[in-house]
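In mature numbering (1 follows the signal peptide of the UniProt record, and there is no 0), the protein residues as written are -16 to -1, 1 to 299.
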Amino acid sequence: MVQLVALSLFIGLAVGHFGLKAVTVDGTTQVILFRQNNPKAPALKAPVRAGGTVRFNWTEIIKMHFGPTIAYLGELPTPSTKPTDVNFFKIYEKGYDAQKGKWANEIASDNSDSYTVQIPSDIKSGTYVLRTEIIALHGNANPISSSFLAGPQFYTYCFNVDVVNGGTVEPKGVKIPGAYTKEALRTPIYLPGEHDSAAIVAQGNELNSKYIVPGPLLYSGKYDAPTGSPPLAKETGAYPAELQAKYEAMAKKLAVPTQDLVKYVNTQVWQNGKMNDAGSSGFVAVVSKVVGERNKIINTTEFQELKAAIEKNRT
Ligand SMILES: *[C@@H]1O[C@H](CO)[C@@H](O)[C@H](O)[C@H]1NC(C)=O
Ligand SMILES: *[C@@H]1O[C@H](CO)[C@@H](O)[C@H](O)[C@H]1NC(C)=O
């Protein structure tokens, strides 16, 4: 188990929701701890062969958070290049699968909350930012689109990878933010309701099957199998053992309220592939309970001291 990027506890702090749990880069499982609230590019990275794969394992994904799964690469010419100056090209996208009648987030959920992307085999070697995201679009669906939860939600992670055994291509890219139009992010989608008629369901499925994943077209270069043996990731960026142990214990504690919320949504708000009225009306109360529980943890001296120790370790 290799740690790539030392980051903070504060992952998943926003109440919701779900986040990346583990990333497997070219066959080596990496526990990635992320930098949040810190726009500096991380110094640490994982090696991956051109043509190799990266698997993203998430914590329990919310099934009714319908939306696409996407991944980009963008060359990081120098460690100090700002992420907003990176040219990102899309290497993976899944939207609505009309044959399965499922969204990409549901398909990932069915697949142990994971999906796997392939690094193009013809891009030049070097350091890249790998960005992956799930965009949850339930806020574009009736009746949520008229509530305080209206609009898309982004579940986005970036980290560095070192592409090795590459080719010569330097794909053109797009800047993020800037790659998505507001219209694309506000595309209405259909979320089945408990009392919807067969006609509404049919219409809704048709609407969803027209969905187009936002952003640029997929990079259309080569996606051949990798050559050479898988690179060895070095243990790097780990916290000192004592800090790591404290971090893990705190992360576990903090995860409990969020996991309870996700369970509630996946079993009470969403039942048999439909919004459930009783569960939905209890949602706000559950959120406020979760917020309270998390605030209690965050308000402890233990949390604040750990946060300070992590900040110090980072500089
Ligand atoms: C990650 O997902 C794969 C399926 O793609 C699964 O077999 C594996 O157990 C998951 N690993 C973790 C750490 O959740
Ligand atoms: C956390 O601390 C803040 C500021 O001292 C306070 O306003 C808030 O009520 C506290 N929350 C909990 C859950 O204790």
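Cβ atoms here follow ideal geometry from the backbone N, Cα and C, with glycine treated the same way.
Asked	Found
Per-residue burial, P63 [other beta carbons within 10 Å of its own, 16 or more giving buried]	exposed
Cβ-heavy atom distance, K5 to ligand 1, below 8 Å	yes
Validate contact between the segment 68 to 86 and the segment 51 to 59 using beta carbons, cut 8 Å, 3 pairs	yes
Min CB distance P136 to chain D below 9 Å	Structure shown: chain D not included; a single protein chain is present.
For P241, the first and last residue of its enclosing beta strand (DSSP E)	Looking at the DSSP string, P241 is not in any beta strand (DSSP E); the run it does join, the alpha helix (DSSP H), is 225 to 248.
For P31, the three-state DSSP class (helix, strand or coil)	strand
Cβ neighbours of T140 in the same chain (closer than 6 Å, five flanking residues each side left out)	E117
Supposed contact pair N149 and G212 - C-beta distance, whole angstroms, cut 8 Å	5 Å
Proximity below 9 Å, CB of N89 to CB of I128	no
Check: N41 C-beta below 8 Å from any heavy atom of ligand 1	yes
Host beta strand (DSSP E) of G58 (start-end)	53 to 59
With 16 other Cβ atoms within 10 Å as the buried cut-off, status of D261	exposed
Spatially closest choice to C142 from E226, K108, N250, L114, by CA coordinates	L114
S264 Cβ short of 8 Å to ligand 1 heavy atom set	no
7 Å Cβ shell around A209 - same chain, five flanking residues per side excluded	G35
Supposed close pair N189, G85 - CB separation, criterion 8 Å	7 Å
K66 (DSSP reduced to helix, strand or coil)	coil
Cβ neighbour criterion (16 or more within 10 Å) applied to P104	buried
N- and C-terminal bounds of the beta strand (DSSP E) containing F132	Careful: F132 lies outside any beta strand (DSSP E) and carries neither H nor E.
Residue range of the unbroken alpha helix (DSSP H) whose run includes A186	182 to 193
C-beta atoms of P155 and F73 nearer than 9 Å	yes
Assigned exposure category for N192 - 16 Cβ within 10 Å defines buried	buried
Nearest neighbour of N95, chosen from P136, N126, K66, F40 [CA to CA]	F40
Sequence-distant residues of its chain with Cβ nearer than 8 Å to Q187 (five each side left out)	Y174
Span separating the alpha-carbon of N297 from that of P172	44 Å
Proximity test, D81 beta-carbon vs ligand 1 heavy atom, cut-off 8 Å	no
Distance cut-off 8 Å: D208 Cβ against heavy atoms of ligand 1	no
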